Structure formats: C-alpha cells, structure tokens
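Just add 1 to wherever you are in the sequence shown, counting from 1, and you've got this note's numbering.
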Amino acid sequence: MALFASAAHAQEAFPTKPLSVVVPMAPGGSTDYLARTVAQHLSEALGKPVVVDNKAGATGAIGTSFVARAPADGHTLLVAPSSVIVVNPLVSKVSYDTVRDLKPIGLLAKVEVIVVAAKETGFKTLADMIEYAKKHPGKLTYGSNGQGSAFHLAGEMLGLMAGVEMLHVPYKGASLAEAALLSNEINIMVTNTVSAMPYIKSGKVVPLAIASSSGKSRELPEVPLATETLRGYTADTWLALYAPAATSDAVIAKLNAAVNDYLRDPQQAAALRSRGMEPAPGTADDLQRYQAQELATWTKVATALKAARRLE
Numbered sequence: 002m003a004l005f006a007s008a009a010h011a012q013e014a015f016p017t018k019p020l021s022v023v024v025p026m027a028p029g030g031s032t033d034y035l036a037r038t039v040a041q042h043l044s045e046a047l048g049k050p051v052v053v054d055n056k057a058g059a060t061g062a063i064g065t066s067f068v069a070r071a072p073a074d075g076h077t078l079l080v081a082p083s084s085v086i087v088v089n090p091l092v093s094k095v096s097y098d099t100v101r102d103l104k105p106i107g108l109l110a111k112v113e114v115i116v117v118a119a120k121e122t123g124f125k126t127l128a129d130m131i132e133y134a135k136k137h138p139g140k141l142t143y144g145s146n147g148q149g150s151a152f153h154l155a156g157e158m159l160g161l162m163a164g165v166e167m168l169h170v171p172y173k174g175a176s177l178a179e180a181a182l183l184s185n186e187i188n189i190m191v192t193n194t195v196s197a198m199p200y201i202k203s204g205k206v207v208p209l210a211i212a213s214s215s216g217k218s219r220e221l222p223e224v225p226l227a228t229e230t231l232r233g234y235t236a237d238t239w240l241a242l243y244a245p246a247a248t249s250d251a252v253i254a255k256l257n258a259a260v261n262d263y264l265r266d267p268q269q270a271a272a273l274r275s276r277g278m279e280p281a282p283g284t285a286d287d288l289q290r291y292q293a294q295e296l297a298t299w300t301k302v303a304t305a306l307k308a309a310r311r312l313e
C-alpha cells in the first residue's frame, strides 16, 4: 500500500523541478515559435520554470533521440514537426522509434499546405497542372527543400495519386526552392501557405490548391481544396508534443490539459493562425490515432518511391 501511495503522491506532485522542452532544430521558424509559447504557458499553468532547449542536427534526430532516452518523469518534453515523427524514420536511419520510444501528449497545430505554380506555367488550377503533366510525362518539375523531406514526399504523393510522372528537383533549403520557383527554374511546389503568401499576394506565383485536411484557407478562401480535383489528396504537416515512452498516464493527462487550455485561448489561437498554424486541441489518444494514420499514409508513399528507385 505504501508503494502505491508513494507513486500516487509523486504523480499528484508533478512537476517537482523545472521542465525542458526540446526543439530538434535551430532557433527560428514555426516549431521553435510554437515551442516557446507552449513553454511559457506550461510554466504559468504548472508553476515551474520551463526552458526551451534547441538540439539541432541530423534533420531532427539528435533532439528527438535525446528525449527518447531521457528520464520518463515528464520533465523532458519534445515539440516536433511531423517530418521528424513520421517522415524521417522512413527515409533515413535514425536511432529512435517514434512509436516505441515516445509517448504522445497532444497535437498542437496543423500547418496549412498549398500547391503553387510559377506564373510562367500558365496554370490556373490543379487540373491544368495535371493535364499538362499527363501530356508531357517527366517534363513537369517540382521543387522541395531537400531529398527525403516532407514536401518531397508530398510532391511524389501528388504525382502518384494523379497518375503522372514529374521530375523532382531538391534544393538545400526552402528559400532556394522558392527562388527557383520565382525564376521558373521549377514549375510547381508543395509548401506551407505562410511561406508562399508574399509571392501569392504579389502575383509572382499562382495558388493552385490547398492540400490540407483542415478545410479551406482562412487567408485564401477563394483557393479550392486539392480534394475537389484529386480525391483524397492531402499533405498535412503538423506539430505535436511528446514525452519519453514510459511517462505515466497521470503526468501525460496533466500536460495535455495544460496544453489544451493554451490552444483554446482565443488570443493564442489568433497568434498561431497569423503564422499559418491551426490550433488542434485534443487528447493524447487522438494524437496517437492520427499519428498512426499519417505513418501509414507516408509509408505507402515511401515504399512506392523505393520500389521505383526514386528514394534510397
């Protein structure tokens, strides 16, 4: 009885020391911003300091592995994008297993994804793009922020589902891919809306379709959903909060409740939306189910690409 009482007291007392929120990439960008705002709210809600620790490198594997090996007491957490959780393990050798080594706390936000075309292509719709690609196999080029990146696979999934052959052109970073699109070095990109927005508003690129499962864009309501042309095509990117796998359910529940309070706050939600992120409050089980669905989707894409020798 004493043992059970001690365990229960430890869970009720959580947290007992400062917390660390690990971001597996360099400061700056959506993931870092979200982690810092989440950390601030957790500190206020839990009454303990919460420090953001950027552990960049190996496309997110260094920071993620660090959390996977951390003590499972709820004091070391991970804010990671979907590329780290469900894409990187499919295309790279990593020292962690996201299903085995990490425990979901909650989905934080979905990042709106859009298909855009160079103005010079003359494409006005996703149907225009698909029609061109069917008539000119292998001629349509699409760029991404790197071989094996989430947007590389999103472009490949577009080609697979549309039944067209496109040529992938990888760049060392999103900014270089965007510059290539602006100069018509590549024809299209699948990217996040917030990055593409300045070029869309200036008329330098053409928005073809919103490729997110969250519905129409708040900022670009006139742009159709990709599913209206290509049934089932969504390429969600998202950010979520995790703890080491053996963390207790009671601690997970306490963290989940605190995070959901933050996500449901109208002021915080508006701030996230201004950065292209749609708040996604829910339970830890919701995230676990969603992650499993996402992993199944991207596994199919990666398997098809490896079979075609377009992905090592």
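From the three backbone atoms N, C-alpha and C, an ideal C-beta is built for every residue, glycine too.
Predicted model, so just to flag it, every value in this text is computed and none were measured.
Cβ-based neighbour list, residue 134, same chain, cut-off 8 Å, excluding 5 preceding and 5 following = 140, 141, 160, 163, 165, 166 and 167
Span separating the alpha-carbon of residue 249 from that of residue 73 | 8 Å
Using alpha carbons as the reference points, say which of 287, 251, 235 and 157 lies closest to residue 307.
-> 157
For residue 282, the first and last residue of its enclosing alpha helix (DSSP H) = No alpha helix (DSSP H) contains residue 282, which DSSP labels as neither H nor E.
Do residue 195 and residue 277 have their C-beta atoms closer together than 8 Å?
-> yes
Give the DSSP-derived three-state secondary structure of residue 111 in the structure shown.
-> strand
Beta-carbon gap between residue 171 and residue 153 smaller than 8 Å = yes
When you compare only the Cα positions, how much space is there between residue 103 and residue 199?
-> 37 Å
Residue 221 in three-state terms, based on DSSP = coil
Straight-line Cα distance separating residue 298 from residue 231 | 16 Å
Since residue 214 contacts residue 235 with CB under 8 Å, what's their CB separation in whole angstroms?
-> 4 Å
Look at the alpha carbon of residue 117 and the alpha carbon of residue 179, and state the distance between them as a whole number of angstroms.
-> 10 Å
On the three-pair Cβ rule with 8 Å, is the segment 281-297 touching the segment 261-268?
-> yes
For residue 250, does the three-state DSSP call read helix, strand or coil?
-> helix
By DSSP, does residue 144 sit in helix, in strand, or in coil?
-> strand
Around the C-beta of residue 292, are 16 or more other C-beta atoms found within 10 angstroms, so that it is buried, or is it exposed?
-> buried
What is the rounded straight-line gap between the Cα of residue 27 and the Cα of residue 75?
-> 23 Å
Residue 211 - partner residues in DSSP beta bridges | 115 and 226
Residue 241, DSSP secondary structure in three states = strand
Would you identify the three-state DSSP class for residue 23, choosing helix, strand or coil?
-> strand
Could you round the C-beta distance between residue 1 and residue 25 to whole angstroms and report it? I think they count as a contact, below 8 Å.
-> What is shown of the chain runs 2 to 313, which leaves residue 1 out entirely.
What do you get for residue 60, buried or exposed, if any count of 16 or more other CB atoms within 10 angstroms of its CB means buried?
-> buried
Which residue spans inside the segment 51-113 form an unbroken alpha helix (DSSP H) run of at least 4?
-> 62-69, 89-92 and 99-102
Thinking residue 32 and residue 240 are a contact (beta carbons under 8 Å), I'd like their distance in whole angstroms, please.
-> 6 Å
Going straight from the alpha carbon of residue 227 to that of residue 254, what length do you get?
-> 36 Å
According to DSSP, is residue 168 helix, strand or coil?
-> strand
Sequence-distant residues of its chain with Cβ nearer than 7 Å to residue 34 (five each side left out) | 276
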